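Structure, as structure tokens:
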Amino acid sequence: LPDDFDWRDHGAVTGVKDQGSCGSCWSFSATGALEGAHYLATGELVSLSEQQLVDCDHECDPQQYGACDSGCNGGLMTSAFEYTLKVGGLEREKDYPYTGNDRGPCKFDKTKIAASVSNFSVISVDEDQIAANLVKHGPLAVGINAVFMQTYMGGVSCPYICFRTLDHGVLLVGYGAAGYSPIRFKDKPFWVIKNSWGANWGEDGYYKICRGRNVCGVDSMVSSVAALHTKSQ
Amino acid sequence: SAVVSDVNSDGDPLIRQVVSDGGVEEDSDDHLLNAEYHFTLFKSKYRKTYASQEEHDYRLGVFKANLRRAKRHQLLDPSAVHGVTKFSDLTPSEFRRQYLGLKPLKLPADAQKAPILPTDN
Numbered sequence: 003l004p005d006d007f008d009w010r011d012h013g014a015v016t017g018v019k020d021q022g023s024c025g026s027c028w029s030f031s032a033t034g035a036l037e038g039a040h041y042l043a044t045g046e047l048v049s050l051s052e053q054q055l056v057d058c059d060h061e062c063d064p065q066q067y068g069a070c071d072s073g074c075n076g077g078l079m080t081s082a083f084e085y086t087l088k089v090g091g092l093e094r095e096k097d098y099p100y101t102g103n104d105r106g107p108c109k110f111d112k113t114k115i116a117a118s119v120s121n122f123s124v125i126s127v128d129e130d131q132i133a134a135n136l137v138k139h140g141p142l143a144v145g146i147n148a149v150f151m152q153t154y155m156g157g158v159s160c161p162y163i164c165f166r167t168l169d170h171g172v173l174l175v176g177y178g179a180a181g182y183s184p185i186r187f188k189d190k191p192f193w194v195i196k197n198s199w200g201a202n203w204g205e206d207g208y209y210k211i212c213r214g215r216n217v218c219g220v221d222s223m224v225s226s227v228a229a230l231h232t233k234s235q
Numbered sequence: 621s622a623v624v625s626d627v628n629s630d631g632d633p634l635i636r637q638v639v640s641d642g643g644v645e646e647d648s649d650d651h652l653l654n655a656e657y658h659f660t661l662f663k664s665k666y667r668k669t670y671a672s673q674e675e676h677d678y679r680l681g682v683f684k685a686n687l688r689r690a691k692r693h694q695l696l697d698p699s700a701v702h703g704v705t706k707f708s709d710l711t712p713s714e715f716r717r718q719y720l721g722l723k724p725l726k727l728p729a730d731a732q733k734a735p736i737l738p739t740d741n
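If you're matching them up, the sequences are chains U and V in order.
Note that the first sequence ends on residue 235 in the numbering used here; no numbers are left out.
Note that the second sequence ends on residue 741 in the numbering used here; no numbers are left out.
Encoded structure:
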């Protein structure tokens, strides 16, 4: 495994997006992972539609009653992958643009599918396995506790205390061996996370969190997706 | 408050405080002026407008609470930088409701587990 790795350096990550005042983080995390997987499978980087997931994906988790994807009221990335597998794929962002609300009808057009899922997996709470799957399969969909993110402006976040109850879905795009933290006068290995709160939040829309002890639950809900080798129409 | 030090005639370092020990009201005045000032910057930077004076004053109160919260986060998380962000006029529950959105559940039990990958070279 390389000491440092970042899919942004390899062209597998689209620009930072903004979910606006809508609890649709799960759809941004899922599209980010499929954008990366589609790039690895076809060499084509395409911005995919979160709004299709918000409007059309009401997939439920069979094991847990009431755990259904529900637009601005939350969802799960693995259920979003399941939905995408079932309906054949996601449209491009520009064909089904984001509105930031879930009051519209489903306007999915099968003839405009840009990327398709071949399968998806969940990854164990093992940081080496997370790093290995990141390098092998592309950006990963992860859950995190976002309590420190409301006031975060930059640097490597490594709270002494942070609950591991997950309330936010983001995209893991890379990792670094050493992000210098002046306060603790030592380097800290960190994950590089793409968020969906616009580029005027955090470090140009990105968040860095230290690795090593499942801080804020970042290692506990990690999933990867593989895309079919079909280029978008 | 600030403390400066200089050396008096017989060479002893003279450490003296140049600002009186602010009573609670003085500190809170500083804090209030600070908060007002930061709130003005915040509104212009993020183009925030509020429907009424009541809403504005309420959001200023929330903003002050979030300044204190950012201070606590900085103490708990010293290797990051915490401060005023575009969410600083939202209460923690408004923030959670409007900008998060992960179903607070475990991973689906039936999801396929990724095969273990080699990680040593």
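Glycine included, C-beta positions come from ideal geometry on N, C-alpha and C.
Bear in mind that the values here come from a model prediction, so they are computed numbers and not experimental data.
Per-residue contacts from residue i into chain V (C-beta, under 7 Å)
i, result
"PRO161/U", "LEU696 and ASP697"
"GLY45/U", "Near GLY45/U there are no residues of chain V at all, since even the closest Cβ is about 23 Å away, more than 7 Å."
Limits of the beta strand (DSSP E) - the one that residue i falls within
i, result
"GLY76/U", "That residue, GLY76/U, is in no beta strand (DSSP E); it is neither H nor E in DSSP."
"GLY145/U", "142-146"
"ILE125/U", "119-125"
"HIS40/U", "HIS40/U -> not in any beta strand (DSSP E); alpha helix (DSSP H) instead, spanning 27-44."
Min CB distance residue i to chain V below 8 Å
i, result
"GLY156/U", "yes"
"CYS58/U", "no"
"CYS218/U", "no"
"VAL124/U", "yes"
"ASN103/U", "no"
"LEU78/U", "yes"
Contact with chain U by residue i, beta-carbon distance below 8 Å
i, result
"GLY642/V", "Residue placement at GLY642/V cannot be trusted, given a pLDDT of 40 that sits under 50; what the coordinates show is reported in the next sentence. It does not: the Cβ of GLY642/V has no partner Cβ on chain U nearer than 8 Å."
"ASN686/V", "yes"
"GLN718/V", "yes"
"GLY681/V", "no"
"GLN673/V", "no"
C-alpha distance - residue i paired with residue j, whole-angstrom precision
i, j, result
"HIS676/V", "VAL682/V", "10 Å"
"SER81/U", "GLN53/U", "15 Å"
"SER708/V", "ILE736/V", "42 Å"
"PRO161/U", "ASN202/U", "22 Å"
"ASP104/U", "PRO4/U", "41 Å"
"ALA180/U", "GLU129/U", "16 Å"
"GLY68/U", "ALA655/V", "43 Å"
"ALA671/V", "SER664/V", "16 Å"
"ASN686/V", "LEU696/V", "15 Å"
"LYS706/V", "LYS691/V", "16 Å"
"TYR98/U", "LEU47/U", "17 Å"
"LEU710/V", "GLY204/U", "17 Å"
"GLY91/U", "ARG688/V", "45 Å"
Span of the alpha helix (DSSP H), counted from its first residue to its last, around residue i
i, result
"VAL56/U", "52-58"
"TYR678/V", "673-696"
"ILE211/U", "It is not in any alpha helix (DSSP H) - ILE211/U instead sits in the beta strand (DSSP E) that spans 208-212."
Contacts of residue i in chain U (Cβ-Cβ under 8 Å)
i, result
"LEU661/V", "Those do not exist, as LEU661/V stays about 14 Å from chain U at its closest Cβ, beyond 8 Å."
"ALA690/V", "THR153"
7 Å Cβ cut-off: residues of chain U touching residue i
i, result
"HIS693/V", "PHE150 and THR153"
"PHE715/V", "GLN152"
Contacts that residue i makes with chain V (C-beta to C-beta distance below 8 Å)
i, result
"GLN21/U", "TYR719 and GLY721"
Check: With a cut-off of 8 Å, do at least 3 Cβ pairs link the segment 697-705 of chain V to the segment 156-164 of chain U?
Finding: Because the criterion of three Cβ pairs below 8 Å is met, the segment 697-705 of chain V and the segment 156-164 of chain U touch.
Notebook entry, point to check: Are the segment 67-81 of chain U and the segment 714-723 of chain V touching, with three or more C-beta to C-beta distances below 8 Å?
Noted result: Touching, per the Cβ criterion.
Note to self: Contact between the segment 29-47 of chain U and the segment 204-214 of chain U is defined here as three or more beta-carbon pairs at a separation below 8 Å; is this criterion met?
What the structure shows: Taking 8 Å as the limit for Cβ pairs, the verdict is that the segment 204-214 of chain U does not touch the segment 29-47 of chain U.
Next item on the list: Flag this pair as touching only if the segment 213-224 of chain U and the segment 136-156 of chain U have three or more C-beta atom pairs under 8 Å; answer yes or no.
Entry: These segments touch.
Next item on the list: May I ask you to verify whether the segment 110-118 of chain U touches the segment 10-27 of chain U, counting CB pairs closer than 8 Å and requiring at least 3?
Entry: Touching, no.
Notebook entry, point to check: Given 8 Å as the limit, is there contact between the segment 162-174 of chain U and the segment 56-68 of chain U, that is, 3 or more CB pairs closer than that?
Noted result: Of all C-beta pairs linking the segment 162-174 of chain U to the segment 56-68 of chain U, fewer than three are shorter than 8 Å, placing the two stretches out of contact.
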